[in-house]
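Chains as they are written, first to last, in my numbering: chain E, 35 to 159; chain F, 35 to 159.
2 protein chains.
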Amino acid sequence: MMTKLLAACEETVIHEDEVLAASRTLIDGRTAGRLAQIFSALSDPTRLRIISALSDHELCVCDLSVVLGMSQSAVSHQLRLLRNLNLVKYRKEGRIVYYALDDEHIRELYERGLEHTAHQERMEA
Amino acid sequence: MMTKLLAACEETVIHEDEVLAASRTLIDGRTAGRLAQIFSALSDPTRLRIISALSDHELCVCDLSVVLGMSQSAVSHQLRLLRNLNLVKYRKEGRIVYYALDDEHIRELYERGLEHTAHQERMEA
DNA sequence: TGAATATATGAGCAAGTGTTCATATATTAT
DNA sequence: ATAATATATGAACACTTGCTCATATATTCA
C-alpha cells in the first residue's frame with residue numbers, strides 16, 4: 035500500500051529515499067488529530083492548573099474555583115472539556131460534585147512536561 | 035508565605051483543608067504558562083506530523099512539504115514556530131535548509147502521547 | 001412549598017491560530 | 001548580469017478558544 039508522493043520541489047523530489055523513509059515514521063491524519071486533541075487539553079494554563087490542583091486528591095467545583103481564583107462558570111466550562119476527553123471523573127454527593135483525575139497517561143504527560151519546564155528554567159539561569 | 039483564599043462558596047470555603055492541600059500542588063501562573071506553551075506546540079496535527087516525519091532523521095523544507103502534502107509556506111510557518119521554541123534545529127546547505135528535532139523532552143512527550151492514542155484505540159475496539 | 005446553594009450550560013465577544021496568497025531574500029546556474 | 005530555485009515572512013481571513021454574563025437545573029433547608 036504505497037502512497038505516491040512524486041511531484042514537488044522542481045518537479046521531482048529532492049531526496050527521494052529520505053522522503054520515503056520519513057513517510058514511514060509519518061503518522062496519519064487520524065492519529066495526528068487524536069494526538070493533537072490530547073495535547074490540546076494540556077495546552078491551556080487554566081486546565082493545567084486544574085490538573086495540578088487535582089493531582090493530589092479530588093476537589094469539588096467550588097473549592098476548585100477558590101483555589102484557582104477563577105469564576106465557577108469558567109471552571110465548570112473547562113471541567114466539561116476535560117470530562118468529555120475522559121481526563122477527569124466525577125462523583126456527585128448531593129448538590130456537590132467532586133472531580134478527580136481519571137487518566138494516568140495524562141498525569142504522566144503532565145509530569146514530563148513539568149520536568150521540561152524545570153529543564154528550561156535551568157537553561158535560562 | 036501563605037496566600038489568603040478564605041471567602042467563596044457560601045462565604046466560607048467548603049472544605050478548607052482540602053483547599054489548602056490543593057494549593058500546595060497547584061502550579062503558579064508562570065509555570066502554567068510555560069507548560070501550556072510546550073503542550074501548545076504539540077496541540078496541532080500539522081506540527082505533530084512534522085515531528086513524526088523528523089523523528090527518524092533531518093529533512094529539508096521542500097521534502098517535508100512533499101511528505102506532508104502541504105504547501106511550502108504552511109510548513110515554513112509551522113517550522114518557525116517550532117524553531118522559536120527550540121524544538122527543532124536547522125542547518126543550511128546552500129539554499130537548502132535541513133530541519134531536525136532538537137529536544138529529547140519533546141520526543142519523549144510525543145511518544146508518550148502516541149502510547150496514549152494506542153491505549154485509546156484499544157479501549158474503543 | 002419557597003428560598004438558597006452548587007453546578008451546568010448557552011450566547012456572545014475579544015483574542016488567538018493556521019492557512020493561503022503575494023512577495024521578499026538568498027543562493028545557484030546560465 | 002538574469003533566471004530559476006529554496007526558503008521566509010507579512011497580511012488577510014476563516015475558524016477556534018476561553019472567558020463573562022445570564023440563566024437553567026438539581027438539591028437542600030426552612
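No residue lacks a Cβ here, since even glycine has one placed at the ideal position from N, Cα and C. It should be emphasised that the depicted structure is a prediction, and the values quoted were computed from it without experimental measurement.
Per DSSP, which residues does residue i bridge with? Please list them.
| i | result |
| --- | --- |
| F/Y133 | F/L93, F/Y124 |
Using a Cβ-Cβ cut-off of 8 Å, state whether residue i counts as contacting chain F.
| i | result |
| --- | --- |
| E/S77 | yes |
| E/D97 | yes |
| E/R114 | no |
| E/A87 | yes |
| E/L135 | no |
Using a C-beta cutoff of 8 Å, does residue i count as contacting chain E?
| i | result |
| --- | --- |
| F/V150 | In the sequence as presented, Val is not what sits at residue 150 of chain F; that position holds His. F/H150 counts as touching chain E. |
| F/H111 | no |
| F/E127 | no |
| F/R117 | no |
| F/V101 | yes |
| F/R146 | yes |
| F/E52 | yes |
| F/Q90 | The sequence given here places Asp at residue 90 of chain F; Gln does not occur at that position. Answer yes: the Cβ-Cβ gap between F/D90 and chain E drops below 8 Å somewhere. |
| F/H139 | yes |
| F/L121 | no |
If you drop the 5 nearest sequence neighbours on each side, which residues of the same chain put their C-beta closer than 6 Å to that of residue i?
| i | result |
| --- | --- |
| F/R156 | none |
| F/T80 | Q112 |
| E/L116 | V122 |
Counting only Cβ pairs nearer than 7 Å, list the residues of chain F close to residue i.
| i | result |
| --- | --- |
| E/L82 | I61, A66, L69, A70 |
| E/S57 | V101 |
Using C-beta distances below 8 Å, list every residue in its chain close to residue i, excluding the 5 sequence neighbours before and after it, in chain order.
| i | result |
| --- | --- |
| F/S86 | Y144 |
Taking Cβ-Cβ distances shorter than 9 Å, what residues in chain F pair up with residue i?
| i | result |
| --- | --- |
| E/S74 | F73, S74, L76, S77, D78 |
| E/L29 | Chain E is shown only over 35 to 159; residue 29 of chain E falls outside these bounds and no answer can be derived. |
Which bits of chain E does residue i rub up against, with CB to CB less than 8 Å?
| i | result |
| --- | --- |
| F/E158 | Within 8 Å Cβ-Cβ: nothing; F/E158 doesn't reach chain E, min ~10 Å. |
Could you tell me whether any non-hydrogen atom of the ligand FAD is closer than 7 Å to the CB of residue i?
| i | result |
| --- | --- |
| F/A70 | Among the components modelled here there is no ligand, and therefore nothing to report on the ligand FAD. |
Who are the Cβ neighbours of residue i in its own chain at under 7 Å, not counting the five residues just before and after it?
| i | result |
| --- | --- |
| E/T65 | none |
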